[in-house]
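>
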Amino acid sequence: MIAREGEGCYGAMLNSFTTSMKADLDSPVTSNFGNRVMEYRADAQRIVEETESHIVDMERLRKIGKDVEEALSSLSKHFVAFGQAAKEIATKWTSKSESQYDSDVAVVLMKMECYIKDEVDLTNMQMHNWQGNIVSPLQTLVENGREIRNRGVERSCRDYENKYVKAEADARKHAKHAGYTRGQLGHGELAEQLARERLMVQYELCKFLMSVDAVEDRRGPQLLRHFMELVRNQNSIGISRYYVNRIKVNEDFRHDMSKLEERMMARNANRCAQRNLLWDLKSQLEGNEEFSRSISGRRSCGRDSVNRGSRLSGINLISASNALSTENDSLSELATSTAFFPDLDFTQSGYLYKKSTKKLHKQWQKRRCRIEDGHFWLSHSDETIPPTKLNLLVSDCKPSVDDSKAFDLYCRERTYHLQADSETDAKRWILALKREITRVKAKMLSAETPQGNEGNGSGLSEMYERKLRVAKVQQLPGNNVCADCSSKEDVQWLSNLGALVCIACSGVHRELGVHVSRIQSLNLDVISPIEFLVPLSSGNHMINRLFEYDITKFDRQRFIQMKYRDHAFVQKLDDPDTSLTEAFGDRDFENAYKALLSPELTKKPFLLNGPFHQMILRGASFSLPLADLVMQLRIEVPDMEAIMMDSIRLGHADMVAVLLRYRSLSSAVHGIHLHSLIAYAKKVDQKKIVEMVYFATY
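Position one of the sequence shown corresponds to residue 1 (full-length UniProt numbering), numbered consecutively onward.
#1: Once DSSP output is grouped into helix, strand and coil, what is the label at G145?
#2: What separation, rounded to the nearest whole angstrom, lies between the Cα atoms of I315 and Y593?
#3: Hey, out of M463, A86 and L109, whose CA is closest to M444's CA?
#4: Inspect the beta-carbon positions of P611 and G585 and report whether they are closer than 9 Å.
#5: Taking A90 as the reference, give the member of Q193, T384 and M110 with the closest Cα.
#6: Please tell me whether L476 and L494 are closer than 9 Å, where the distance is taken between their beta carbons.
#7: Closer than 8 Å is the cut-off here; do at least three beta carbon pairs connect the stretch 112-124 with the stretch 144-158?
#8: Could you tell me the distance, in whole angstroms, from the CA atom of R439 to the CA atom of L677?
#9: Which of the three DSSP states, helix, strand or coil, is assigned to G350?
#10: Can you tell me whether E56 is buried or exposed, with buried defined as 16 or more other CB within 10 angstroms of its CB?
#11: Along the alpha helix (DSSP H) that carries Q84, what are the first and last residues, could you check?
#12: Tell me whether M692 sits in a helix, a strand or coil according to DSSP, three-state version.
#13: What does the Cβ neighbour count give for G83, buried or exposed, with the cut at 16 atoms within 10 Å?
#14: Among T602, L617 and S621, whose alpha-carbon lies nearest the alpha-carbon of A642?
#15: Does the stretch 373-392 come within contact of the stretch 406-424, defined as at least 3 CB pairs closer than 8 Å?
#16: Do you know how far the Cα of M38 is from the Cα of Y203?
#17: Is the CB-CB distance between A81 and E113 below 9 Å?
#18: Judging by CA-CA distance, which residue of M127, G34, D43 and Y40 is the nearest neighbour of K77?
#19: Would you say Q126 faces chain C, with C-beta separation under 9 Å as the test?
#20: From residue 720 to D67, what does the alpha carbon distance come to, in whole angstroms?
#21: Please confirm whether V693 and V656 have their CB atoms less than 9 Å apart.
#22: Output the residue ranges of the alpha helix (DSSP H) runs that lie fully inside the UniProt domain "Arf-GAP" (462-577) and measure 4 residues or longer, sorted by chain position.
#23: Going by the beta-carbon positions, is the gap between S31 and A42 smaller than 9 Å?
#24: Along the alpha helix (DSSP H) that carries R370, what are the first and last residues, could you check?
#25: In chain order, what residues of the same chain lie with their CB nearer than 6 Å to the CB of Y416, ignoring the 5 residues before and after it?
#26: Tell me, please, which residues DSSP counts as bridged to L418.
#27: Report, in whole angstroms, the separation of the C-beta atoms of I635 and F606, which I expect to be a contact under 8 Å.
#28: Keeping to the same chain, check which residues put their C-beta closer than 8 Å to that of V48; ignore five residues upstream and five downstream.
#29: For L580 versus L596, is the C-beta spacing smaller than 9 Å?
#30: Hey, M210 and K163: beta-carbon distance below 9 Å or not?
#31: How is T18 classed by DSSP in three states: helix, strand or coil?
#32: Report the partner residues of D170 according to the DSSP bridge assignment.
#33: Quick check on the burial criterion: 16 or more other C-beta atoms within 10 angstroms. Buried or exposed for A679?
#34: L626: which of P599, R587 and E600 sits nearest, CA to CA?
#35: In chain order, what residues of the same chain have a beta carbon less than 6 Å from the beta carbon of L659, not counting five sequence neighbours either side?
#36: Within 10 angstroms of its Cβ, does I64 collect 16 or more other Cβ (buried), or is it exposed?
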């Protein structure tokens, strides 16, 4: 294959392969794909050799970059030690000596300690910048490059060639028996006999080219992007005198970097189009019936061999994990009482007190409750209204730590705080709820358990054991939220380290490589029993105690301050006033919140008869949370008294309550004369608002 100029072996092979494969899928008899199989095999070997050569060079860079990172870390530690020693000496000399000279020297040492603090911060920022944009990308590039193998391509091409030779020999033999001779048969004439082998060759080549594309992307556009990020971060750090000279140097090659970035972006766009084409071709191959039968047979053989070597008793595994668990409602109770009678229904009815969810006045309200058919029925104060139906399959019940007569019912949507008349009644309700929760879970598991006995001595099927293990992992402390970002959305991705994470964080774990963290889905992947040993013995709480042991309180405080006080990570808007006006009109709370956080926001939207005023006059439920947000963010609103007057005139009592609630927090309501508001409310005959404003004066 002759590579076109500027493409290299990989680019030429990719263009030729995609063109040839599309023609083969359209018409296998007339395509020339079979003639190029051995050519692609040789090209794949050349690409592997080139990649290995590139990885050797990148490994050299990675080692040097790691040495630089360690040197910066060592420098930071020595700076800290120097500053601490200077401070201790200055304190010692100040306390033990009355000499003016010693005091002056102590002042010098204290100034030196302050200077060293800036040096430490600068060095730490440089180290993190270097590690994130040089060391880590090179590490990932080297690891991914070492994983590129062409064994699948070699095997499929060899099978194709063997089948072609055999099919050609058979055709000649039949021709000889028929009394005539055949010349050499082309690949197109044997397309039907070679369909399965040709599909496997195409599939393995797709996988191989996609893996090479990932490495090429990291070696080219991503490496450039990280380097430019390194330069940008250094410039942002170096506004001070440390980087004045570097900024001058950067101006000299900024023009060249821009041109290089444009070329890289163009190549990256072309690469993305080729990658999408590969995905489409791979998906088309996977939809072929012959390919599906072939690949499913190969996977079943591999899975059987693995399971024979790693098979553990599900019951013993759950029992071992129970020794490490302290939860009262663990799924080990499924092996007793109601677990083996999933069709037995338990009912309980009576009256309980439900704690209201109002923020200002929380009170206990008496409600009729009933446990029946796997659900908890909670009536309203008006019992003519249909009661609320809560599914106990996705619920949990725990006693309250503050009140022996109270307990909490955790449901999918919210948590209900309930109270009985006595401690005995509370225990009876808790027992009934736990028993019903256990029953419906056992019923669900038994419905999914195959009835046949396939040699499992425990009497439970492999599917049933897996359900038990998955449920046990999900009930471990902290596993209801992501171990890394505390998200509750789709927390079903299990790491071999024992952490349970969400789908977003699972992508970050995959980038770390399987040698650091191997991610599998609890619902989609077939996880062997032996792979559950670590997760069943740990849990997210334990994982975070171990992996975040040295995280300082200062680090967490600094992140929280930057996030909520300094708004360091909010999106920058070109015109927040216009964005806020449009969000008010579209009733888009998220975009309105985003605009309110912008430091470039002016007073224009909050003027009299402006967008904020018009939104309040409309009186929609959307207006209440936004007005509350404006008060909490301490945004100054001119003519607030006039806006409140209009709310009183229209009878918007809730809006008046919101505007009054944060009068002590927001400068927006300073200078408001509450007595004038009371007089105006009496004038327009708004008695409820009169009472509300009257109490606000005290």
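Heads up, the beta-carbon is just placed ideally off N, CA and C, and yes, glycines get one too. In this text, all values refer to a predicted model and were calculated from it rather than measured experimentally.
According to the structure data:
#1: Three-state DSSP puts G145 in a helix.
#2: In this prediction, I315 scores a pLDDT of 37, lower than 50, which makes its location untrustworthy; no coordinate-derived value is stated.
#3: Comparing Cα-Cα distances from M444 to each of M463, A86 and L109, the minimum goes to M463.
#4: Result yes, Cβ atoms of P611 and G585 sit closer than 9 Å.
#5: Closest option to A90, Cα to Cα, is M110.
#6: In terms of Cβ geometry, L476 and L494 do not form a close pair [threshold 9 Å].
#7: As far as the Cβ criterion goes, the stretch 112-124 does not touch the stretch 144-158, which means the pair count is below three.
#8: Here the alpha carbon of R439 sits roughly 59 Å from the alpha carbon of L677.
#9: Strand.
#10: The sequence shown places Val at residue 56, rather than the Glu named in the question. Exposed.
#11: Counting along the chain, the alpha helix (DSSP H) containing Q84 begins and ends at V37 to K96.
#12: In this structure, M692 counts as helix in the three-state DSSP scheme.
#13: Buried, because 16 or more other Cβ atoms sit within 10 Å of the Cβ of G83.
#14: Nearest of T602, L617 and S621 to A642, Cα basis: L617.
#15: With a cut-off of 8 Å on Cβ pairs, the stretch 373-392 is in contact with the stretch 406-424, counting three or more such pairs.
#16: About 15 Å.
#17: Result no, Cβ atoms of A81 and E113 do not sit closer than 9 Å.
#18: Among M127, G34, D43 and Y40, the Cα nearest to that of K77 is on M127.
#19: No chain C is part of this structure, which consists of one protein chain only.
#20: No statement about residue 720 is possible, as the shown extent of the chain runs from 1 to 698 and does not include it.
#21: In this structure, V656 lies closer than 9 Å to V693 by Cβ.
#22: As far as the UniProt domain "Arf-GAP" (462-577) is concerned, its whole alpha helix (DSSP H) runs of at least 4 residues are 462-475, 503-512, 533-537, 540-547 and 553-560.
#23: Cβ distance not < 9 Å, so S31 and A42 don't count as in contact.
#24: Per DSSP, R370 belongs to no alpha helix (DSSP H); it is in the beta strand (DSSP E), W364 to E372.
#25: Cβ neighbours of Y416 beyond the five flanking positions: L409.
#26: Paired residues: K354 and F407.
#27: Rounded to whole angstroms, the Cβ separation of I635 and F606 is 7 Å, and the two are in contact under 8 Å.
#28: Non-local beta-carbon contacts of V48 in its own chain, meaning distances under 8 Å to residues more than five positions away in sequence, involve I148, R149 and N150 in chain order.
#29: Closer than 9 Å, so yes.
#30: The Cβ-Cβ distance between M210 and K163 does not fall below 9 Å.
#31: Here T18 sits in helix by DSSP.
#32: D170 pairs with nothing; no bridge assigned.
#33: Exposed: under 16 other Cβ atoms inside 10 Å.
#34: Ranking the options by Cα distance to L626, first place goes to R587.
#35: So the qualifying residues of the chain are M644.
#36: The residue is exposed, with fewer than 16 neighbouring Cβ atoms inside 10 Å.
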